[in-house]
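Read the structure below first, then the notes.
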Amino acid sequence: MSIKPNTVVSLTYELHTTNEEGQQVFVEKADEQNALVFLYGTGMMLPKFEEHLAGLNVGDEYSFELTAADGYGELDPGAFADLPIDMFKEAGLPAVGDVIPLQDNQGNHFRAGVTAIHETAVSVDLNHPMAGKNLIFAGKILTVREATQEELSHGHAHGADGHEGH
Numbered sequence: 001m002s003i004k005p006n007t008v009v010s011l012t013y014e015l016h017t018t019n020e021e022g023q024q025v026f027v028e029k030a031d032e033q034n035a036l037v038f039l040y041g042t043g044m045m046l047p048k049f050e051e052h053l054a055g056l057n058v059g060d061e062y063s064f065e066l067t068a069a070d071g072y073g074e075l076d077p078g079a080f081a082d083l084p085i086d087m088f089k090e091a092g093l094p095a096v097g098d099v100i101p102l103q104d105n106q107g108n109h110f111r112a113g114v115t116a117i118h119e120t121a122v123s124v125d126l127n128h129p130m131a132g133k134n135l136i137f138a139g140k141i142l143t144v145r146e147a148t149q150e151e152l153s154h155g156h157a158h159g160a161d162g163h164e165g166h
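Given below as structure tokens:
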């Protein structure tokens, strides 16, 4: 069976980006014991990531690069903010480099990277950590199966075999 909409895909991958010198830098991986399992074609994954996997079969290996624009977007110079230091009284002051959870006025959760600590504010970068970076993927397709009706109604995979609970 090949990868197409409404199939559950299990795969391995290694993800690299490139640094300022153009050298590849390892980011993360999913191996056969901890494979990435997802419902293909439902918007759970980056659209261009899925596009590169379309039509592949069990055992196929893949390797491709997504531009920053096709990944998590370019860096937004307007996506930086200074948060009042009072916000951190209960949780304690974060350190530069920490990634902190935040919530907007509509209740949406997101994360921000701490870039500086000032006397009255904590400066944060609201860009996705992979924004502005090309993403280099390489891996292997482990399994492909039709999604169950329950998975389709829930909009996500229930594991490689379809029987994992939430």
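With the first letter of the sequence shown counted as 1, position 83 gets the number 83 in UniProt numbering; the numbers rise by one all the way through.
Heads up, the beta-carbon is just placed ideally off N, CA and C, and yes, glycines get one too.
Asked, Found
"Same chain, Cβ closer than 6 Å to GLU14, five either side skipped, listed in chain order", "LYS29, ALA138"
"Buried versus exposed call for GLY71 [16 or more other C-beta atoms within 10 Å across all chains shown]", "buried"
"Complete runs of the beta strand (DSSP E) confined to the UniProt domain \"PPIase FKBP-type\" (6-84) [at least 3 residues]", "7-18, 24-30, 36-39, 61-66, 80-84"
"Exposure label - SER10; buried when at least 16 CB within 10 Å", "buried"
"The stretch 146-157 in contact with the stretch 17-34 per 3-pair CB rule at 8 Å", "no"
"THR12 classed as buried or exposed, judged by whether at least 16 other C-beta atoms fall within 10 angstroms", "buried"
"Three CB pairs or more closer than 8 Å across the stretch 130-145 and the stretch 59-74", "yes"
"Under 9 Å between C-beta atoms of LEU142 and ALA157", "no"
"Backbone secondary structure at ASP125 - three-state DSSP", "strand"
"Counted within 10 angstroms of its Cβ, other Cβ atoms place residue 175 as buried (16 or more) or exposed", "The displayed coordinates of the chain run from 1 to 166. Any statement about residue 175 would go beyond what the structure contains."
"Sub-9 Å separation of MET1 and ARG145 beta-carbons", "yes"
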